[in-house]
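Asks:
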Amino acid sequence: MDICIIGAGHVGLVTGACFADLGNRVICVDSDRRKIGLLRKGRAPFFEPALEPMVARHLKTKRLLFTADIAEGVRKSVVIFIAVGTPPLDSGDADLTGVENVARSIARCMTGYRLIVEKSTVPVDTGKWIHRILSESIPRKIPFDVASNPEFLREGSAVNDFLHPDRIVIGVESKKAQDLLKELYRPFQCPLVVTDIASAELIKHASNAFLATKISFINSIATLCERVGADVEKVAQGVGLDRRIGPAFLDAGIGYGGFCLPKDIEAFIRIAEKLGYDYKLLKAVKQINEDQRRSLVDKVEKQLWNLKGKKIGVLGLAFKPDTDDMRFAPSLEVIEALKKAGAKIKVFDPQAMGAAKKLLNGVAFAKDPYEAAKGSDCLLLLTEWDEFKKLDLKRVKRLLRQPVIVDGRNLYDPAVVRKFGFSYVGIGLGKG
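Here the sequence shown is numbered in the working numbering, starting from 82 and rising by one per residue.
#1: Output yes or no for whether 9 Å exceeds the beta carbon distance between Gly435 and Asp406.
#2: CB-CB under 7 Å to Thr148, same chain, minus the five flanking residues each way: which ones, in chain order?
#3: Please determine, among Lys122, Leu132, Ile197, Phe127, the residue with the shortest C-alpha to C-alpha distance to Gly97.
#4: What residue range is occupied by the uninterrupted alpha helix (DSSP H) comprising Cys59?
#5: Report yes if the CB atom of Leu377 is closer than 9 Å to the CB atom of Ile335, and no otherwise.
#6: Quick check on DSSP: helix, strand or coil for Ala175?
#7: Compare the Cα-Cα distances from Gly327 to each of Lys295, Val444, Glu129, Leu283 and report the closest residue.
#8: Reducing DSSP to helix, strand and coil, say where Ser229 ends up.
#9: Hey, His286 and Phe349 are a contact pair by Cβ (cut 8 Å); roughly how many whole angstroms apart?
#10: Just to confirm, are Leu481 and Lys455 a CB contact at a threshold of 9 Å?
#11: Can you have a look at Gln432 and say buried or exposed, based on whether 16 or more other CB atoms are within 10 angstroms of its CB?
#12: Could you give the residue range of the alpha helix (DSSP H) that holds Glu199?
#13: Between Ala399 and Ser412, is the Cβ-Cβ spacing less than 9 Å?
#14: Beta carbon of Lys367, beta carbon of Ile346: below 9 Å?
#15: Would Lys470 be called buried (16 or more neighbouring beta carbons within 10 Å of its own) or exposed?
#16: Could you work out which residue in Gly507, Cys190, Arg248, Lys364 is closest to Lys383 when comparing CA atoms only?
#17: Would you tell me roughly how many angstroms separate the C-alpha atoms of Phe370 and Asp83, rounded to the nearest one?
#18: Give me the residue from Glu232, Thr304, Gln483, Asp359 with the minimum Cα distance to Asp379.
#19: When the Cβ atoms of the segment 165-180 are set against those of the segment 202-214, are three or more pairs found closer than 8 Å?
#20: Looking at Tyr337: is its Cβ nearer than 9 Å to the Cβ of Leu292?
#21: Whose CA, out of Asp277, Phe409, Ser301, lies closest to the CA of Lys344?
#22: Nearest-angstrom Cα distance between Asp176 and Thr207?
#23: What are the start and end residues of the alpha helix (DSSP H) that includes Phe349?
#24: Could you give the first and the last residue of the continuous beta strand (DSSP E) run that contains Ile161?
#25: Using 8 Å as the Cβ pair cut-off and three pairs as the minimum, do the segment 298-312 and the segment 273-283 touch?
#26: For Phe340, which residues in the same chain have their Cβ closer than 7 Å to its Cβ, ignoring the five residues on either side in sequence?
#27: Drop a sphere of 10 angstroms on the beta-carbon of Asp260, count the other beta-carbons inside from all chains shown, and report buried for 16 or more, exposed for fewer.
#28: Under the three-state reduction of DSSP, which class applies to Tyr451: helix, strand or coil?
#29: With 16 other CB atoms within 10 Å as the buried threshold, where does Gly104 fall?
#30: For Trp210 and Ala418, I'd like the C-alpha separation in whole angstroms.
#31: Short of 6 Å in beta carbon distance, which residues of its chain neighbour Leu140, apart from the five on each side in sequence? Order them along the chain.
#32: Determine the contact status of Pro231 and Ser301, defining contact as a CB-CB distance below 9 Å.
#33: Under a three-way DSSP split, which group does Arg121 fall into?
#34: Let me know if Arg325 comes out buried or exposed under the rule of 16 or more other beta-carbons within 10 Å of its beta-carbon.
#35: With a cut-off of 9 Å, does the C-beta of Ala137 fall near any C-beta of chain B?
#36: What does the alpha-carbon distance come out to for the pair Thr178 and Ser297?
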């Protein structure tokens, strides 16, 4: 099938590369000409495991093309996915300017029937607005359909998530749109949920809201565990073995971050407000998440007595491992709070250093984890990269000025770390 993906970001590029891998002919469109230049050389503009080799491979098969010309993509494709960013406004609403502009551009370029599919995360009723914009902007009477096909990709495993999904959701309003999307997704062996567009839009927000709620729930349990001397990991294990609940997203830590969950929770709260509903549950989820950052800074201060003039080595900056994405990363808030308290910060991340240098001022950037530890009063872990678990703890202890580890992701086994002579603090791991 001939497909156009408008927006070559974390969602659009993965979607385009994977559809090409399944045998489709894909044109990815992006207004960023520098990004297009990189992609035409087979280089991904961000880190995502397995993505860059897939892009390079299908450039050679010519099943994957990149252009800054939206007209080229629309002319040559039947199915057009809108995968542009929907960043948060100050109000918490999703900024749909990009979606609107793309819809108008598509309308002006159409020469025959097209199926326009929302892939971006958008508020409910966006599909109606896209339909209205297309109807108003098409220069002559040309048939089209609008559909919703929300993405459920996790950064760090997005390629695998696309190729092996738990489910595929399509929101459609015509049999033709339904048949096209069913044919496109025919190779996948997973449940296919077919519904109206509004329901599909809500499924995406509801899914992310539930995941964020699970994270904040286990973090609130972690707070109770610290006060009574219980172990949150054992509690999570016992709870997660219930098949109605499951173990996923029950890892206590410093809370959720990244581009999706924070903005989607904020947007969902605003959607509810506009519909006359006070979404108190999600407001509490958001508050608990914010409290986790402050709580971690308090843990560091408690270990060091005070923070002014202390040196803190920070391991991990990206919002999660296996990505270089710094958008809404918890590390940004934690580091800013430590700096404000007078601490001196030295940081290291395996992939996110380039992005971090554009966002962090007044910090030192280490070449590896050991340089981050050298001369520091505390080693603070903020992202659970696997390589940090393999550190030589004897060497780390020799390099630190004080043998203190504050583990914001519960990466380490407390008994093992303490055996090396460290003062160790995790999240929800009792009073120790």
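Note that the Cβ used here is the ideal one computed from N, Cα and C, for glycine as well.
Note that the structure is predicted; figures quoted are calculated from it, not measured.
Replies: In terms of the structure at hand:
#1: Going by C-beta atoms, Gly435 is not nearer than 9 Å to Asp406.
#2: Closer than 7 Å at Cβ, skipping near neighbours: Ile108, Val110, Ile117, Gly154.
#3: Per the Cα distances, Leu132.
#4: The structure shown has nothing for residue 59, since the chain only spans 82 to 513.
#5: Yes, the Cβ-Cβ distance between Leu377 and Ile335 is below 9 Å.
#6: It is a strand residue.
#7: Closest by C-alpha distance to Gly327, out of Lys295, Val444, Glu129, Leu283, is Lys295.
#8: DSSP places Ser229 in strand when its eight states are reduced to three.
#9: Yes, they are in contact, since the Cβ atoms of His286 and Phe349 sit about 5 Å apart, within 8 Å.
#10: Yes. Within cutoff.
#11: With 16 or more other Cβ atoms within 10 Å, it is buried.
#12: Premise fails: Glu199 lies in the beta strand (DSSP E), 195-199, not in any alpha helix (DSSP H).
#13: In contact: Ala399 and Ser412 (Cβ atoms closer than 9 Å).
#14: Less than 9 Å divides the Cβ of Lys367 from the Cβ of Ile346.
#15: Around the beta carbon of Lys470, fewer than 16 other beta carbons lie within 10 angstroms, which makes this residue exposed.
#16: Per the Cα distances, Gly507.
#17: Reading the sequence as shown, one finds Asn at residue 370 and not Phe. Rounded to whole angstroms, Asn370 to Asp83 spans 42 Å at the Cα level.
#18: Among Glu232, Thr304, Gln483, Asp359, the Cα nearest to that of Asp379 is on Thr304.
#19: They touch, by the three-pair rule.
#20: A distance below 9 Å separates the beta carbons of Tyr337 and Leu292.
#21: Ranked by how close their Cα comes to the Cα of Lys344, the residues Asp277, Phe409, Ser301 have Phe409 in first place.
#22: Cα to Cα, the separation comes out at about 11 Å.
#23: Segment 341-355, the alpha helix (DSSP H) holding Phe349.
#24: Where Ile161 is concerned, the enclosing beta strand (DSSP E) stretches over 160-163.
#25: In this structure the segment 298-312 does not touch the segment 273-283; the number of beta carbon pairs closer than 8 Å is below three.
#26: By the criterion of a C-beta distance shorter than 7 Å, Phe340 is surrounded in its chain by Asp406, Arg408, Phe409, once the five residues flanking it on both sides are discounted.
#27: Residue burial annotation: Asp260 is exposed, with fewer than 16 other C-beta atoms found within 10 angstroms of its C-beta.
#28: Tyr451 falls in the helix class under three-state DSSP.
#29: With fewer than 16 other Cβ atoms inside 10 Å of its own Cβ, Gly104 counts as exposed.
#30: Taking the straight line from one Cα to the other gives about 41 Å.
#31: So the list reads Gly123, once near-sequence residues are dropped.
#32: Contact flag unset, no.
#33: Of the three classes helix, strand and coil, the one that applies to Arg121 here is helix, per DSSP.
#34: It is exposed - the Cβ of Arg325 has fewer than 16 other Cβ atoms within 10 Å.
#35: Among the chains in the structure shown there is no chain B, since it carries only a single protein chain.
#36: Approximately 31 Å between the Cα atoms of the pair.
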